[in-house]
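Student: Have a look at this one.
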Amino acid sequence: MRHFLSAVFAAAVAATLTIGSAAAETGETVLTLTGPGLPDGGVTYDMAALEAMPQVKFTTTTVWTDAAQEFSGVPLKALLDAAGVDGSLIRATALNDYAVEIPRDSLEDGAPILATRINGEHFSRRDKGPLWVVYPYDSAERFRNELIFGRSVWQLNRVSVE
């Protein structure tokens, strides 16, 4: 019986670890965008749709990782511009309902990004995925403060614009 339970536990852990990869392969919705000018219920994106958009890649250290990592993904500004959504305040919300507000006028062409890959690989929910709001923290002092760190939502699944 113990062997059976160990096998079940191992299978459950393996399933949890691959959720981000599975989302990338199955067409599962990973992000919902809502706001003025968008249809009721918003617009949904799977990983393929996000990765078909303009991509930015940078290497940076974070306060949550052990060493510098290469992050790649779509800039939040590019996503909002492509969707044609109006509004000046962005609310980024994670799977656990952690939410932050980001003024739209603080967005830059290359920062922040909605990271879909770390070191070229999709990453699981257990590893802060499948989407993570990431800034190039090492590139400028303006990205190394508590306000920016607080806006770095991992397990992102909703963005609303007001």
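Letter by letter, the sequence shown follows residues -24 to -1, 1 to 138 of mature numbering (1 follows the signal peptide of the UniProt record, and there is no 0). Virtual Cβ for every residue (Gly too), placed ideally from N, Cα, C.
Exposed or buried, which one is Trp130 when buried takes at least 16 other CB atoms within 10 Å?
Tutor: That one is buried.
Student: Since Leu26 and Leu7 are thought to touch, with beta carbons under 8 Å apart, how far apart are those beta carbons, to the nearest angstrom?
Tutor: At roughly 7 Å, the Cβ-Cβ gap stays under 8 Å, so Leu26 and Leu7 are in contact.
Student: Tell me whether the beta-carbon of Val109 lies closer than 7 Å to the beta-carbon of Ser128.
Tutor: Result yes, Cβ atoms of Val109 and Ser128 sit closer than 7 Å.
Student: Suppose contacts are defined by Cβ-Cβ distances below 7 Å. Is Arg134 in contact with Thr69 by that definition?
Tutor: In contact: Arg134 and Thr69 (Cβ atoms closer than 7 Å).
Student: Measuring only the C-alpha atoms, how far is Phe34 from Arg80?
Tutor: In a straight line, the C-alpha of Phe34 is about 21 Å away from that of Arg80.
Student: Give every residue of the same chain whose Cβ lies closer than 8 Å to the Cβ of Gln45, excluding the five residues on either side of it in the sequence, and list them in chain order.
Tutor: So the list reads Thr35, Thr36, Thr37, Thr38, Ile94 and Asn95, once near-sequence residues are dropped.
Student: How close, in whole Å, do the beta carbons of Pro51 and Ile89 come, if the pair is a contact with beta carbons under 8 Å?
Tutor: With a Cβ gap of about 5 Å, Pro51 and Ile89 count as contacting.
Student: According to the neighbour-count rule (16 or more other Cβ atoms, all chains shown, within 10 Å of its Cβ), is Ala54 buried or exposed?
Tutor: Looking at its Cβ environment, which holds 16 or more other Cβ atoms inside 10 Å, Ala54 is buried.
Student: Return yes when the Cβ of Val76 is within less than 7 Å of the Cβ of Gly11, no when it is not.
Tutor: Not closer than 7 Å, so no.
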